[in-house]
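Q:
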Ligand SMILES: [Fe+2]
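Numbering (our numbering), first residue to last: 1005 to 1359.
1. Below 7 Å, is the gap between the Cβ of residue 1058 and the nearest heavy atom of ligand 1?
2. So, using beta-carbon positions, are residue 1267 and residue 1088 closer together than 8 Å?
3. Any chance the region 1097–1110 sits against the region 1204–1212, with 3 or more Cβ pairs inside 8 Å?
4. Check whether the Cβ of residue 1238 lies closer than 7 Å to any heavy atom of ligand 1, and answer yes or no.
5. In whole angstroms, what separates the C-alpha of residue 1094 from that of residue 1315?
6. Roughly how many angstroms separate the alpha carbons of residue 1015 and residue 1270, rounded to a whole number?
7. Determine the extent of the alpha helix (DSSP H) in which residue 1020 is found, giving its start and end residues.
8. Tell me, which residues are paired with residue 1209 by DSSP?
9. Going along the chain, which residues of its own chain have a beta-carbon closer than 6 Å to the beta-carbon of residue 1244, five neighbours each way excluded?
10. Contact between the region 1039–1050 and the region 1064–1077: three or more CB pairs below 8 Å?
11. Name the two residues that bound the continuous alpha helix (DSSP H) containing residue 1174.
12. Whole angstroms are fine: how far does the CA of residue 1021 sit from the CA of residue 1005?
13. I'd like to know whether the C-beta atoms of residue 1154 and residue 1217 end up nearer to each other than 8 Å.
14. Less than 8 Å between the beta carbons of residue 1359 and residue 1214, yes or no?
15. Are the region 1326–1339 and the region 1277–1294 touching by the rule of at least three beta carbon pairs closer than 8 Å?
16. Within the region 1032–1114, note down every full alpha helix (DSSP H) run reaching 4 residues or more, in order along the chain.
17. Should residue 1134 be listed as close to ligand 1, given that the test is whether its C-beta is under 7 Å from any heavy atom?
18. Note down, in chain order, each residue of its chain lying with its Cβ closer than 6 Å to the Cβ of residue 1070, except the 5 sequence neighbours on either side.
19. I need the straight-line Cα distance from residue 1322 to residue 1329, nearest angstrom please.
20. What do you reckon, are the CB atoms on residue 1233 and residue 1111 nearer than 8 Å?
21. In terms of residue numbering, what span does the alpha helix (DSSP H) encompassing residue 1259 cover?
22. Determine the DSSP secondary structure at residue 1168, reduced to helix, strand or coil.
23. Decide if residue 1135 is buried, meaning its Cβ has at least 16 other Cβ atoms within 10 Å, or exposed.
24. Do you know whose CA, among 1246, 1265, 1240, lies nearest residue 1145's CA?
25. Just to confirm the assignment, what range does the beta strand (DSSP E) spanning residue 1215 have?
26. Would a C-beta distance cut-off of 8 Å place residue 1272 and residue 1250 closer than the cut-off?
27. Does the distance from the CB of residue 1180 to the CB of residue 1059 come in under 8 Å?
28. With a 10 Å radius around its C-beta and 16 neighbouring C-beta atoms as the bar for buried, classify residue 1191 as buried or exposed.
29. What number of angstroms, rounded off, separates the C-alpha of residue 1051 from the C-alpha of residue 1256?
30. Beta carbon of residue 1153: closer than 7 Å to some heavy atom of ligand 1?
31. Mapping DSSP to helix, strand and coil, what is residue 1141?
32. Under DSSP, the alpha helix (DSSP H) around residue 1298 begins and ends at which residues?
33. Looking at C-alpha atoms only, which residue of 1123, 1029, 1040 is the closest neighbour of residue 1084?
34. Should residue 1223 be counted as a contact of ligand 1 given a C-beta to heavy atom distance under 7 Å?
35. Would you identify the three-state DSSP class for residue 1228, choosing helix, strand or coil?
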């Protein structure tokens, strides 16, 4: 697809996304959401912002208490997202259509700061592509884009996400070779080649930036050597139908072009999934949602300390018996069945382990 077909993506944007698998949209988040959602971050986690000895964990994933439609949150990013996906009619009208305050905080740790200057991304075990809720095939579009919403500045060495730009080829080859698909947890099966990759980039960003990653771009947490609270969220853009990797007219979306490019192919007439598609309750929601109750208690306590009552607290978890809550559940896949067996729900958050 020629870049001139796009109204919002520049030709540089298109080239960057096709060759590196990601794109930055600077300053795209509306300031009001950064201000209001960040206001009670420290209340929610129960750490003292000004006393690092209270920062017990190096890394935290939080649940979502508030959410708004993607286009309201970051309109300039939404315009580019629609073009990358090939039109808003390809985007799932319900699933992942809202974004929220499920913060991911990388605090770093004091001992890391002077002791170790660099970690080699190739040596790390945390490389993955996001998927905790569906059987993943080469043409799966459940996580079409992994989105990074940047809520604090992320300087160099400040724990910005690592991406492996030449790693997509190995991921798509793995998925091509496994038409039976992969069920969550994928356990980095499609990322074992990263140790021999060469093109890595670490996210450096300013508060308000939106970074769009192709859903099959391998990424990993990187060490925060600066020991400050780096805050992002990590929602996804979901399409309602699988990619078409065999379009007779060759009019592939940018998402599809990245996959074909990784395989060095113009079309894939021979490739078909060999098992049925399956969708599950998101596995990682287990440990995140378990935190919602205690966060809510802290939020209510903080409101009462200010002489306010519970109604002053903005959380979907205070509106459990409403249509709004039912819609929230559907948008996030919480209406789906938990996958059978011990892999169904992850109840403990993973920790960062550095090689
Ligand atoms: Fe991820």
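Ideal Cβ positions, reconstructed from N, Cα and C, are used throughout, including at glycine.
A: Quick look at the numbers:
1. no
2. no
3. no
4. yes
5. 38 Å
6. 21 Å
7. 1015–1024
8. 1158
9. 1096
10. yes
11. 1172–1181
12. Reliability fails at residue 1005, whose pLDDT of 47 lies under 50, so the model's placement of it is uncertain and the value that follows must be treated cautiously. Taking the straight line from one Cα to the other gives about 13 Å.
13. no
14. no
15. yes
16. 1035–1042, 1045–1049, 1074–1077, 1079–1089
17. yes
18. 1104, 1105, 1318
19. 9 Å
20. yes
21. 1258–1267
22. strand
23. buried
24. 1246
25. 1214–1218
26. yes
27. no
28. exposed
29. 48 Å
30. no
31. coil
32. 1289–1309
33. 1029
34. yes
35. strand
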